[in-house]
Every structure is written in C-alpha cells, then in structure tokens.
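Numbering (our numbering), first residue to last: -4 to 500.
To start, the structure itself, in structure tokens.
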Amino acid sequence: MTSLHERLRALPPESLAGIRRGIEKESLRTTPSGQLALTPHPPALGSALTNPHITTDFSESQVEVVTGAHKSVQDCLQELTRIHQFVYRAIGDELLWASSMPCVLPPDDDIPIGQYGSSNVGKAKSVYRMGLSHRYGRRMQTISGIHYNWSMPGLSNEDYFGLIRNFRRQSFLLLVLFGASPAVNADFVKGQPHGLQPLGEHTLYLPHATSLRMGRLGYQSDAQSSLAVSYNGLKGYAASLQNALTHAYPPYEALGIQDVDGAYRQLSTSLLQIENEFYSTIRPKRVIHTGERPLHALRERGVEYVEVRCMDLNPFLPVGIDEDTARFLDMFLLHCLLSDSPLDTPQEIAALVRNQQIVAARGREPGLRIDKDAQQIPLTQWAQTILAECEPIAQALDALQGGDSHQRICQAANAALLDPSLLPSARVVTALQGAPGDGHAGFTNARSAQIRETLMATALPAETLARFKEQAQASLTEQATIEAADKQSFEDFRKDYMSERHLVV
C-alpha cells in the first residue's frame, strides 16, 4: 500500500502550486449598540442577487462576502480584507458582528429574511429562506461561519470523495484548534433545553466547549438526522441527495407550499427544498450554469472543489480568519487527500456525528476520548498523530513557497494542544470571565467596534474602491435586466425548477 509520504513525493510540483482557495464569510449587521440591524441590505453594496462578492445569507441583516479563487493565501486574505473595507464604507455606523454566535436578536418573526427582488429566481431565494424559517426557526439561521473553498488540479471525483471521507473523520481537530464559539447570549436558547452553564448574568457557556455552532445548538436538524449520506462516491452521494430532494416529508407536507392567503411557506414539501439545505461539515461542489441545479452540475461535470463549512469566525481577527489558519487548512486538506481513505459505513457515520457533538461541547476537556475505528482513544493522541503526519506536507509547501510558515504553524498547533489556554475558544472564555457583566454580547460588540476602527483606518486603494462601486452598480443593472426578462408566473417557475428532471443527467 502506498504511504502518505510516497503519495506526497509523487505529486507533480504544478499540482501543489496549482492549489486554489477562496473564502465565503457570513456576518450579522448590527447597530453600534449590538442589536441586530433591521435595515435593508445597503444599496451601496449592490444587488444581493447578482453581486459576485457581496450578498446576504439567510437574513437581510446577514452580509456574506465572497472572494475569488486564488493561488496565493496572501492574495486571498488581501481580497477578503478589502471587501470588508468596502462593506464598512457602505454600512454607515453599523458593525459586522465578530462572533459566529449571534448578537441580541429580536423575536423570531422580526428577524428579516433575505430579499432578492421581484424576479422569479429572486423570489425563489426568499421562499427557500421562508422554508428554512418554518423548518428550523430563524434564530438558528443567524449563526454565522466561514466557508473555505479548496481545489487542486488533476484530482478525480474519487480523489475528492476520499478527501471528504478523511475530512469527516478528522475534522474534530479543526473544531479544537479553531473553534471560537464556546458561549452564547442567554436569550438565544430561551425556552429550550440546552444543558449550558451560566457565565455572568446574560451569557451561557460550557467550560471546555470549542464550537457551540457545530454542536447541538448549531446547524442541526432532527429531520436531517435520518439522512445517513454516504461519501463513498459521487453516484451514491447524488442518489442520497436526490431521494431527499424528491420525496415528501410528512411534517413539511402538513405545512404546505402556500398558506390560505396564497403566501409561500416553502419551495417544496420534501426533506430538502434544495441541495444547499443539506447540513454538512464539507461538501463536494461544482460551479453551476445559470438556472442549473447543483446536483445536475455535479453529475454532469464532476467535483470541481470542496467547501469546508466547520470554521467559526475568530473574534480576535479583523476578518475572522488569517493567513496562518488558511495555510493550516491547506495542509490539513492535503493530509486528508493523501492518506488512506477506507469507505465509510453506517456505523462509522454515526460515530462521526457523536465525535462532532462531543468535541463541540467538550473538546478542551483533559483526557477526552473519542471514537476511532470502533475504539475510544484520547483526542490529543489522535490529534498529535495527524499533526505529525502533516509535517512532511508542511516541509513540501514551504519548499515550494519559500520560508518556514507551514512548519511554524504545525509547531504552534502542537503547542496549543499541549496548552489549551492558547486556543481561540479558551481565549473567548477567559475574556468573558474577565468581564462577566458585559457577557458575550458586550465582548463581541467591543471586538466588532475595534475591528471596524482598524479596517476603516486601513487605506483602501482608490482603484479598488472604484472597482467595487462599479461592480455594485453593475449588479443592480443586472438584477433589473433579469426582472424585466421574466415571462413565467412564479408558480410555473417553481414547479419547473423543482422538477426531478433537473437533477439528473
């Protein structure tokens, strides 16, 4: 059997040099005092429907910034930073909330759903979000994160699915090293069982939590827990999703497509309305054509990149992520790609769900054990093994790019495993313990204000500002063109788009 080292040595230099990464980052817009901003998506940011770099996620108040795909980590983070600088210049005195767990929220029905104009495709995006609000509640949807999109030239569908299986096995390490949501405003879980402990008057937490966002309070769904999606290949993965997209789910069937007044409640009555509703820590992805379903694109043209979805916003960093984190993700994903990747089983899939919930809630607990190959082993032992196996990858990347940054990052990760007080989640808890009266809301609001000041004080080149303004204006024009071209009724559009024939090749 070929070893990781042998596979690494066999990689052509142009493959490593051809790695591309892009970042999508969600942030709530808030008032200066830390309340959810109830203002519409600012017109200066362009159209949320068509601007390629600035849109909204679930809520009208939830900005999502999107970089292009870059061969350089530095270029990727620079673009992310400049988009943030432009956003801040367009939102007045509002802030971008620096934590994954949300600010003080209004009642559920007052959290505004994203609006995308009067076109059929724009209406569909809003109706989809209305469906999410009925299915899971609006509060959960305000939790924000960072998605890291990654590709390497020359990889097959089989290669990408092997990477994904290993990522799912080992992503506990990312929750430990980069989880930054160990606490939440007490009001967020009001009226529901949560098992959290008080930290001051207005904050709840778990002492050893890494990422409440990735645990039971976060992107979880009882309905989707029945979906044991296998990642053993594109064919089986696609079949699992198609089944969830096309078969009615009784509770959603009872909800109906429209209410008695004809207002839309959801796009469909199936377990998943569209592909993006499937919650997963990592997804196989393919850029889609206009109007194309993602599942059709995957089946027809194969996996183009993977989308890593388990990264919290780090409130200590100006844009929630930094170059060191991105470089670690590059190493980690290469490790997942180059390591042996046996096929998954229903038993392993269930164990991985348990691991994720345990590490999200207790990842810094001394002596914590998790499931590996049907046995319980110390988390730290498994984590140190992964980091040791990343060292030759770090050396190869440093040899290619110059310097020793990847090796230094590996050493820092090892140090943080040995001294968990260095981890972002521990730093958040320490900050909250130091000012318990302010709580999670006060801490994050102060960090958000400091970040705004830092980014506003950093020069944004005039040509970059002009380009962002031009893109924003062009996106508004494009939205108007789409709206003017619509000929179908929305119901005809919905039925056609949701048709099973658009999912198959």
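Note that CB positions come from ideal geometry on N, CA and C, so glycine has one too.
All of these numbers come straight from a predicted model, not from anything done at the bench.
Can you tell me whether residue i is buried or exposed? The criterion is at least 16 other CB atoms within 10 Å of its CB, across all chains shown.
i, result
"V255", "exposed"
"D52", "buried"
"A430", "exposed"
"L413", "exposed"
"E511", "This structure does not reach residue 511, given that the chain is present from -4 up to 500, and the question cannot be answered."
"N440", "buried"
"G251", "exposed"
"G286", "exposed"
"T453", "exposed"
"R442", "buried"
"R208", "buried"
"R4", "exposed"
"M125", "buried"
"A421", "buried"
"D335", "exposed"
"L395", "exposed"
"H48", "buried"
"K367", "buried"
"H435", "buried"
Thinking C-beta only, is residue j closer than 8 angstroms to residue i?
i, j, result
"S206", "S166", "no"
"A64", "R15", "yes"
"R21", "Q57", "The displayed chain sequence assigns Glu, not Arg, to residue 21. Closer than 8 angstroms, so yes."
"P419", "G117", "no"
"Y274", "S235", "no"
"F162", "P97", "no"
"L267", "A239", "yes"
"A140", "M306", "It should be pointed out that residue 140 corresponds to Gly in this sequence rather than to Ala. Yes; because the gap between Cβ atoms is below 8 angstroms, this pair is in contact."
"T181", "H197", "According to the sequence provided, residue 181 is Ala. The question's Thr does not apply to it. Contact flag set, yes."
"L229", "N152", "yes"
"Y244", "A218", "yes"
Spatial neighbours of residue i within its chain, please: C-beta separation below 7 angstroms, excluding the five flanking residues on both sides.
i, result
"F463", "F81"
"I159", "Y226, I277, P279, V301"
"E248", "T264"
"T26", "A32, E89"
"I86", "R24, P37"
"H401", "R322, M326, A389, L392, D393"
"G362", "P373"
"L505", "As displayed, the chain neither begins before -4 nor continues past 500, which places residue 505 out of reach and without an answer."
"D103", "G132, R133, R134"
"L382", "C405, A408, N409"
"E360", "H203"
Residues in the same chain with beta-carbon distance under 8 angstroms from residue i, minus the five sequence neighbours each way, listed in chain order, please.
i, result
"D399", "D393"
"S121", "I108, G109, Q110, Y111"
"G231", "S225"
"Q352", "G210, R211"
"C95", "Here residue 95 turns out to be Ser, not Cys, going by the sequence shown. Hits under 8 angstroms: I138, S139, G140, A175, S176, S206, R208, D307, L308."
Identify every residue that forms a DSSP beta bridge with residue i.
i, result
"E495", "E495 is not bridged to any residue."
"N180", "T198"
"I159", "According to DSSP, which records beta bridges pairwise, I159 is partnered with nothing at all."
"W145", "R16, V301"
"R565", "Nothing can be reported for residue 565: it is not among the residues displayed for the chain, which extend from -4 to 500."
"P373", "R364"
"Q30", "V99"
"T25", "L31, L90"
"E59", "E21, T50"
"Y111", "Looking at the DSSP assignment, Y111 forms no beta bridge with any residue, so it has no partner."
"S206", "S176"
"Y247", "DSSP output for Y247 lists no bridge partner at all."
"Q253", "Y259"
"P193", "L199"
"S128", "DSSP lists no partner for S128."
"H65", "R16"
"S265", "A243"
Below 6 angstroms CB to CB, which residues in the same chain sit around residue i once its five sequence neighbours on both sides are set aside?
i, result
"A43", "H36, T50, T51, Y111"
"R294", "A233, V500"
"E495", "T241"
"A426", "F438"
"V424", "P177"
"D481", "S114, N115"
"G157", "S336"
Am I right that residue i and residue j are in contact with their C-beta atoms under 8 angstroms? What's the rounded C-beta distance?
i, j, result
"L170", "G432", "Contact flag wrong, Cβ pair sits at about 29 angstroms."
"H291", "L498", "6 angstroms"
"R77", "L455", "6 angstroms"
"I446", "A93", "6 angstroms"
"G13", "M147", "6 angstroms"
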